[in-house]
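Start counting the sequence shown at -11; every next residue gets the next number (our numbering).
Using N, Cα and C, we set each Cβ at its ideal position, and we do this for glycine too.
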Amino acid sequence: MDMIEIACADNGFVMRYKDMEVVAKNRTSDGWQDPWRQRVYETPEALTADLAKVLPLMREYEEEQSEQVEFADAIAEALKSTEI
């Protein structure tokens, strides 16, 4: 997960985020499903409780992305050295 959106709603707060399992399935499947999930919270305390569960997932995504970037950089460097 690379982003979390929090907005005010008439009846509290809305938190939106991408479900990374759906994103992964979308990459390997012929079908496509909207990866965005959203929930409405009536109180700041309820929002904070769920936010505390979701924030660690951002770190996992960040580490995964940095590994992919390193791999892409290595491939680009290897291809650069084979250019004529």
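Test: residue i CB closer than 8 Å to a CB of chain C
i, result
"residue 30", "Protein chain content of the structure displayed is limited to a single chain, and chain C is not contained in it."
Cutoff 7 Å; reference residue i; Cβ partners in own chain excluding five residues on either side
i, result
"residue 26", "2, 3 and 4"
Candidates the options: closest to residue i by CA position
i, options, result
"residue 21", "30, 34, -10 and 7", "7"
"residue -3", "31, 15 and 37", "31"
Other residues of its chain near residue i: CB distance less than 8 Å, five sequence neighbours each side excluded
i, result
"residue 35", "-6, 0, 1, 3 and 29"
"residue 9", "none"
"residue 14", "20, 21 and 23"
"residue -8", "3, 4, 5, 39, 42, 43 and 46"
Three-state secondary structure assigned by DSSP to residue i
i, result
"residue 3", "strand"
Cβ distance (whole Å) where residue i is taken to contact residue j below 8 Å
i, j, result
"residue 45", "residue -11", "5 Å"
Can you give, in chain order, each stretch of the beta strand (DSSP E) that sits fully within the stretch 7 to 48 and has at least 3 residues? 24 to 29
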